[in-house]
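Residue numbers (this note's numbering), protein chains in the order written: chain A, 1 to 314; chain B, 1 to 194.
We treat Cβ as the ideally placed atom computed from N, Cα and C, and that holds for glycine.
As structure tokens, the structure follows; a few thoughts come after it.
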Amino acid sequence: MDSHSYLLFEVIRVQGQTTYRYSRVRSDNKSRKKPDLRAVKLFCAIVIFIISAAVRFIFPGFTASVRDEILGVLNDDIDYKAAAMAFSDGLTGKNDIKDAAQQVFSYLTGNEEELAVMAEGNKGDKGSSEETKQPEGEENGTSEPENVEYTKTKEELVATFTESKSEFSSYELPANTTYEMPDLNLQYVSPVNAVKTSDFGYRMHPSENKVLFHYGTDYGCSIGTDVCAFSDGEVTAVTDSASYGKNVIITHSGGTTTRYAHCSEILVEVGDKVKMGDVVAKSGDTGNATGPCMHFELRISDVYVNPDYYLSLI
Amino acid sequence: MKKITFTPGFFILASVLIFFLDAEALFCVLLTVFVHEFAHIIMMKAFKIKTKRMVFSAGGLSIEYDGRYTPYLTEIAIATAGPASNILLASAAGYGYLNNPCDLWSLLLIFNLATALYNMLPIKGLDGGKMLQSFLSLVFDSFGVETVLRCLGYIFSVFVLISGTVVFFKSGFNFTLLIGAVWLLSVVKEKRIV
Chain A
1 MDSHSYLLFE VIRVQGQTTY RYSRVRSDNK SRKKPDLRAV KLFCAIVIFI
51 ISAAVRFIFP GFTASVRDEI LGVLNDDIDY KAAAMAFSDG LTGKNDIKDA
101 AQQVFSYLTG NEEELAVMAE GNKGDKGSSE ETKQPEGEEN GTSEPENVEY
151 TKTKEELVAT FTESKSEFSS YELPANTTYE MPDLNLQYVS PVNAVKTSDF
201 GYRMHPSENK VLFHYGTDYG CSIGTDVCAF SDGEVTAVTD SASYGKNVII
251 THSGGTTTRY AHCSEILVEV GDKVKMGDVV AKSGDTGNAT GPCMHFELRI
301 SDVYVNPDYY LSLI
Chain B
1 MKKITFTPGF FILASVLIFF LDAEALFCVL LTVFVHEFAH IIMMKAFKIK
51 TKRMVFSAGG LSIEYDGRYT PYLTEIAIAT AGPASNILLA SAAGYGYLNN
101 PCDLWSLLLI FNLATALYNM LPIKGLDGGK MLQSFLSLVF DSFGVETVLR
151 CLGYIFSVFV LISGTVVFFK SGFNFTLLIG AVWLLSVVKE KRIV
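This is the structure in structure tokens:
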């Protein structure tokens, strides 16, 4: 039988009066026995989870590429590190808690315009514009980036540099390089006391006479000049190559690495812990150098950036 | 704890997390959730309240308890414990980040801060909603409480929805906040204890 009937007995009490009602209700089996959709949904969800976990662990390369592609859209405008720094500044009282909260929100939503406006506001609060443009620690030669002023200066630096490279604008930037200025949350010093002789980025190569990308900045200095560690870190490579000559690589915290090339002498060994400002090498003209100089490379999260952006802030 | 319930939504959420997050971020998410819920449990134990059920759903993890005989102020304390623990952990991560600026600290800080703020929204089903519900219950009857909560829920959800839409177009299609807003709208009617 597809359908059946049953008796319904109801007790209805309205304003103190009780009435009873019997009725016959027809029902069919379809409406009484609904399929357990929840179990089906749960089963499907578990299968999706198992597949997802299996793909993640069996094809990590594929997963990483898909993840980077999609998360790239989400994270392009989100600067977690800058937000963390702004929050920490608020906690320690370096920055007003209200401003810190606004900065955290702006970094997480990628609202650069708002940050620029805040930078202007803070400039007025603090007094002279000279003070606000200089990062802290200038007197002892160190630099501790402070987000508000940093953002203001950053835009100017990037704009000026990009304009200086406009004649090479038709050249596509090589992989893992950028003309942008990522945040560098390190205390640092200038690795050498010298004048810049060749800039980062595309340039007419002095000896090969063709346009090539320059992955670092050259500083002209006499042979034997002290080359100092840019920031605290660990020596991760000491090599001697045809192009770089004698060179040393130091890994700093937060995925930042620096290379000091064309040296005449390396004074450290792989595994050595170095402090900011420690002398790690003597400058020279080894490798493919047109004269005595120190070639300095800065990589932030494996991306080559213009070191001069940061050194010009000191 | 008498019962642990897994909903289909939880497995979908777990699939997304396991696929998209790297080990570091996954660790931060798990630690954030663990600390949040552990704080609720500690507070329940402190007030000698028995937990009834642990529910793993698309909205995360929630712990249900028998609130029939629980004083309102106790309910407020239990609800506050979760976000408060996240703020404490975010502060610790902030100091950690100052001493050693690395990805782990920044992720931990942001996840905890986001979890605390999200849970403090005065929307029924979230900790903020629970706090407000208990607080309003001291003043209004159940109908008044329900009305106020429902209205606030919709107001905040729509506010987040508008913010999410603005962020979506301004940031180049970052849809995270938009998803959050849709989720909030869906939980406005949902009934959860903690």
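Close-in-space but distant-in-sequence residues of the same chain around residue i (CB under 8 angstroms, 5 per side omitted)
i         : result
B:Ala-81  : Ala-39, His-40, Ile-42, Met-43
B:Ile-33  : Just to set this straight, residue 33 of chain B is Val in the shown sequence, not Ile. So the qualifying residues of the chain are Gly-60, Leu-61, Thr-115.
A:Glu-269 : Val-235, Val-238
A:Thr-18  : Val-11, Ile-12
B:Tyr-97  : Trp-105, Ser-106, Leu-109
A:Val-274 : Ala-229, Asp-232, Gly-233, Glu-234, Val-235, Ile-250, Val-268, Val-280
For residue i, the three-state DSSP class (helix, strand or coil)
i         : result
A:Glu-114 : Because the pLDDT at A:Glu-114 is just 45, under 50, the model does not fix this residue reliably, and the point stays unresolved.
B:His-40  : helix
A:Thr-197 : strand
B:Glu-75  : helix
A:Leu-267 : coil
B:Ile-214 : Only positions 1 to 194 of chain B appear in this structure, which leaves residue 214 of chain B out of reach.
A:Val-154 : In the sequence under discussion, the amino acid at residue 154 of chain A is Lys, which differs from the Val named in the question. A:Lys-154: helix per DSSP, three-state reduction.
A:Ser-169 : coil
B:Gly-164 : helix
B:Thr-70  : coil
A:Ala-64  : helix
A:Gln-187 : coil
A:Lys-282 : strand
B:Ile-123 : coil
A:Ile-249 : strand
B:Phe-159 : helix
B:Ile-4   : strand
A:Ile-314 : coil
A:Val-192 : coil
A:Glu-261 : According to the sequence shown, residue 261 of chain A is Ala rather than Glu. Strand, per DSSP.
A:Tyr-244 : coil
B:Val-194 : Bear in mind that the predicted position of B:Val-194 carries a pLDDT of just 36, short of 50, making it too unreliable to give a figure here.
Where the alpha helix (DSSP H) through residue i begins and ends
i         : result
A:Tyr-309 : 307-311
B:Gly-180 : 176-187
B:Asn-119 : 103-119
B:Ile-18  : 8-20
A:Ile-46  : 37-58
Among the options, the one whose alpha carbon lies nearest that of residue i
i         : options                                    : result
A:Asn-185 : B:Val-139, B:Cys-102, B:Leu-107            : B:Cys-102
A:Val-280 : A:Thr-290, A:Thr-286, A:Ala-289, A:Arg-259 : A:Arg-259
B:Ser-106 : B:Glu-146, B:Lys-45, B:Ala-25              : B:Ala-25
A:Ser-231 : A:Met-181, A:Glu-269, A:Asp-278, A:Glu-265 : A:Asp-278
B:Lys-50  : B:Asp-127, B:Ile-63, B:Ser-57              : B:Ile-63
A:Ile-314 : A:Thr-153, A:Ala-39, A:Asp-285, A:Ile-250  : A:Thr-153
B:Met-120 : B:Val-182, B:Phe-168, B:Ala-58, B:Ser-85   : B:Ser-85
B:Cys-151 : B:Val-167, B:Val-166, B:Leu-138, B:Gly-129 : B:Gly-129
A:Gly-216 : A:Ile-51, A:Asn-176, A:Arg-56              : A:Asn-176
A:Gly-284 : A:Asp-226, A:Val-303, A:Gly-271, A:Ile-250 : A:Asp-226
A:Gly-224 : A:Ala-289, A:Lys-282, A:Met-276, A:Leu-42  : A:Lys-282
B:Ser-118 : B:Val-160, B:Tyr-69, B:Ala-46, B:Asn-100   : Checking the displayed sequence, the identity of residue 118 of chain B turns out to be Tyr instead of Ser. Nearest C-alpha to B:Tyr-118: B:Val-160.
A:Ala-159 : A:Ser-170, A:Met-181, A:Glu-172            : A:Met-181
A:Ala-194 : A:Ser-170, A:Tyr-179, A:Ala-39, A:Ser-312  : A:Ser-312
A:Ser-222 : A:Ala-242, A:Ser-253, A:His-295            : A:His-295
B:Asp-66  : B:Ala-92, B:Thr-176, B:Lys-48              : B:Lys-48
N-terminal and C-terminal residue of the beta strand (DSSP E) that residue i is part of
i         : result
A:Met-181 : Taken as a continuous stretch (DSSP letters only), A:Met-181 belongs to no beta strand (DSSP E), as it is neither H nor E.
A:Arg-299 : 293-300
B:Leu-136 : That residue, B:Leu-136, is in no beta strand (DSSP E); its alpha helix (DSSP H) goes 127-137.
A:Asp-218 : 217-220
A:Ile-223 : From DSSP, A:Ile-223 is part of no beta strand (DSSP E); its letter is neither H nor E.
B:Ser-62  : 60-65
A:Ala-237 : 233-241
A:His-214 : 211-214
Cβ neighbours of residue i in the same chain (closer than 6 angstroms, five flanking residues each side left out)
i         : result
A:Gly-255 : Ser-301
A:His-205 : Leu-212
A:Leu-298 : Thr-258, Val-305, Pro-307
B:Leu-89  : Val-35, Asn-112
A:Arg-21  : Glu-10
A:Tyr-244 : Ala-261, Gly-287
A:Ile-266 : Val-238, Lys-246, Val-248, Ala-281
Other residues of its chain near residue i: CB distance less than 7 angstroms, five sequence neighbours each side excluded
i         : result
B:Ile-4   : Met-54
B:Ala-58  : Thr-7, Gly-9, Phe-10, Ile-12, Leu-13
B:Ile-76  : Met-131, Ser-134, Phe-135
A:Thr-197 : Asp-218, Tyr-219, Gly-220, Cys-293
B:Thr-165 : Leu-178
B:Gly-94  : Leu-109
B:Val-167 : Asn-174, Leu-177
Chain C within 8 angstroms of residue i, Cβ atoms only
i         : result
B:Leu-184 : Of the protein chains in this structure, namely A and B, none is chain C.
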